[in-house]
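Colleague: Okay, handing you the structure first.
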Amino acid sequence: MNLALWIVTGLLAALALFGGAAKAFMPKDKLDELGRKSGGGWTEHASAGFVRSLGALEILAAAGLILPAVLDIAPVMVPVTAVCWVLLMIGAMITHGRYGQYKYVALNLVYLAMAVFVAWGRFGPESFTG
0 MNLALWIVTG LLAALALFGG AAKAFMPKDK LDELGRKSGG GWTEHASAGF VRSLGALEIL
60 AAAGLILPAV LDIAPVMVPV TAVCWVLLMI GAMITHGRYG QYKYVALNLV YLAMAVFVAW
120 GRFGPESFTG
């Protein structure tokens, strides 16, 4: 179970880091263009500041999923971060649903399920404090 939790946590952290870096550092017009090509495009309707802030939050989530456990400094922050990721994915699902981007809603649901698994596992049977 511990290994499965680490694998899922690592996948979520990688997703958060790469997605966050793109939103935080890529020019907004480039993000808009990529979104149009991939069937996304929600960034066209959001301000550059909002997109960058969201990117920064995703980078922080990547750090919060890994660093507390690895450094053994407040490891309870791992499942707390996973719960925050669940909330973020709910917002993403609502946003993509409003734009009729249902394949992204389904993808965000998978990410949400992964975060629920991490939160459940780290708050419960494979807690770092137990």
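Counting in numbering that gives the first Met the number 0, the sequence shown runs from 0 upward without gaps.
Glycine included, each C-beta is placed from N, C-alpha and C at the ideal position.
CA-CA distance, W119 and N107?
Modeller: The count along the sequence shown starts at 1 and reaches residue 119 at position 120. The count along the sequence shown starts at 1 and reaches residue 107 at position 108. For W119 and N107, the distance between alpha carbons rounds to 18 Å.
Colleague: Mapping the DSSP letters down to three states, classify P67 as helix, strand or coil.
Modeller: Walking along the sequence shown from the start, residue 67 turns up at place 68. P67 falls in the helix class under three-state DSSP.
Colleague: Going straight from the alpha carbon of P26 to that of R35, what length do you get?
Modeller: Counted from its first residue, the sequence shown places residue 26 at position 27. Counted from its first residue, the sequence shown places residue 35 at position 36. Rounded to the nearest angstrom, the two C-alpha atoms are 15 Å apart.
Colleague: Are the CB atoms of G63 and A23 nearer to each other than 8 Å?
Modeller: Position 64 of the sequence shown, counting from 1, holds the residue named residue 63. Position 24 of the sequence shown, counting from 1, holds the residue named residue 23. Cβ atoms of G63 and A23: not closer than 8 Å.
Colleague: Flag this pair as yes or no: are the beta carbons of A60 and V85 separated by less than 8 Å?
Modeller: Translated into the one-based positions of the sequence shown, residue 60 becomes position 61. Translated into the one-based positions of the sequence shown, residue 85 becomes position 86. Not in contact: A60 and V85 (Cβ atoms no closer than 8 Å).
Colleague: So, under 8 Å CB-CB, V50 and L30 are touching, yes? Tell me the CB distance rounded to an integer number of Å.
Modeller: As a first step, residue 50 must be located in the sequence shown, where it is residue number 51. As a first step, residue 30 must be located in the sequence shown, where it is residue number 31. Right, their Cβ atoms sit about 7 Å apart.
Colleague: Take the Cβ of V117 as the centre, count every other Cβ of all protein chains shown within 10 Å, and call the residue buried at 16 or more, exposed below.
Modeller: Numbered from its first residue, the sequence shown carries residue 117 at position 118. Label assigned to V117: buried.
Colleague: Terminal residues of the continuous alpha helix (DSSP H) containing M25?
Modeller: The count along the sequence shown starts at 1 and reaches residue 25 at position 26. Segment: none, M25 is in no alpha helix (DSSP H) and carries neither H nor E.
Colleague: Measuring alpha carbon to alpha carbon, tell me which of L11, W5, N1 ends up nearest V109.
Modeller: Along the sequence shown, one-based indexing puts residue 109 at 110. When only C-alpha atoms are compared, the closest one is L11.
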